[in-house]
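Asker:
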Amino acid sequence: DAKTTQPNSMESNEEEPVHLPCNHSTISGTDYIHWYRQLPSQGPEYVIHGLTSNVNNRMASLAIAEDRKSSTLILHRATLRDAAVYYCILQNYGGATNKLIFGTGTLLAVQP
Amino acid sequence: DAGVIQSPRHEVTEMGQEVTLRCKPISGHDYLFWYRQTMMRGLELLIYFNNNVPIDDSGMPEDRFSAKMPNASFSTLKIQPSEPRDSAVYFCASSLGRVTEAFFGQGTRLTVV
Chain E
1 DAKTTQPNSM ESNEEEPVHL PCNHSTISGT DYIHWYRQLP SQGPEYVIHG
51 LTSNVNNRMA SLAIAEDRKS STLILHRATL RDAAVYYCIL QNYGGATNKL
101 IFGTGTLLAV QP
Chain Y
1001 DAGVIQSPRH EVTEMGQEVT LRCKPISGHD YLFWYRQTMM RGLELLIYFN
1051 NNVPIDDSGM PEDRFSAKMP NASFSTLKIQ PSEPRDSAVY FCASSLGRVT
1101 EAFFGQGTRL TVV
């Protein structure tokens, strides 16, 4: 499975944008980039995913580098409820497997 | 839909006892996953099913662990005998199709004393 690298932790101020980076230099052409987050004492929650083009949804935006070796999850206005561990995950659609393998993620702290 | 439902939410048991964790996936979903989370090892995929058939159980730690999915709406993860190092939060998740959004349950916090 291709690996991802994320900073262990980041801090943000409430109502400011947050850019969470992820490096995945060994990504293959058939790997989707997924982001999940885990709020305290809860199960992981899907945030967004993409393949090549930038993606937007109600929760966040995903910016994917042209060479796909890195991506950035963008929270446009952080709130206290966005404090969580954010996981960047590669999931391959080329074969038969459907594994979703979590790394260590980035712990985001949001200051009021 | 109520989402993925796990039971019990908390379980405390003595070493050597059998423990059964239960999961009801979202109706219509064809993939079901079991994960374990600890501070030391993070979130680990134990096993996943497709259409009730186990596809990959390479994450199951040892023979003490077993998982079944007798039908599309129910799965169990059993530990027999349980050991203190099995203490963790166990999550169940389901998804519809491959490489799609996975929905996680609230988890079962297992403590083996």
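Going down the list, the protein sequences come from chains E and Y.
Numbered per my numbering, the first sequence spans residues 1 to 112.
Numbered per my numbering, the second sequence spans residues 1001 to 1113.
Just so you know, even glycine gets a beta-carbon here, dropped at the ideal spot from N, CA and C.
Since we're looking at a predicted model, the values are computed, not measured.
1) Beta-carbon separation of I33(E) and S61(E) under 7 Å?
2) Does any residue of chain E bring its CB to less than 7 Å from the CB of A1088(Y)?
3) DSSP beta-bridge partners for K1068(Y)?
4) Whether or not the stretch 84-103 of chain E and the stretch 1088-1103 of chain Y are in contact is what I'm after, with contact meaning three or more pairs of Cβ atoms, one per stretch, closer than 8 Å; do they touch?
5) Taking Q1106(Y) as the query, report the chain E residues whose CB atoms sit under 8 Å from its CB, ordered along the chain.
6) Skipping 5 residues on each side, what residues in its chain have a beta carbon closer than 7 Å to that of S1066(Y)?
7) Helix, strand or coil for D1063(Y)? Go by DSSP, reduced to three states.
8) Let me confirm a value: A109(E) is counted as buried when at least 16 other C-beta atoms fall within 10 Å, else exposed. Which label applies?
9) With a threshold of 7 Å between beta-carbons, can T104(E) be considered close to chain Y, or not?
10) Anything in chain Y within Cβ reach of N57(E), meaning under 9 Å, just list it in chain order.
11) Sorted by chain position, which residues of the same chain lie with C-beta nearer than 6 Å to D1086(Y)'s C-beta, five sequence neighbours on each side aside?
12) Starting from G1042(Y), find everything on chain E with Cβ-Cβ shorter than 7 Å and list it in chain order.
13) Any residues in the stretch 1045-1057 of chain Y with a beta carbon nearer than 9 Å to a beta carbon of chain E? Which ones, in chain order?
Answerer: Based on what the coordinates show:
1) no
2) no
3) T1076(Y)
4) yes
5) Q42 and G43
6) K1078
7) coil
8) exposed
9) yes
10) Those within 9 Å of N57(E) in chain Y number zero; the least Cβ separation is about 11 Å.
11) I1079 and V1112
12) F102 and T104
13) L1045, Y1048, N1050, I1055 and D1056
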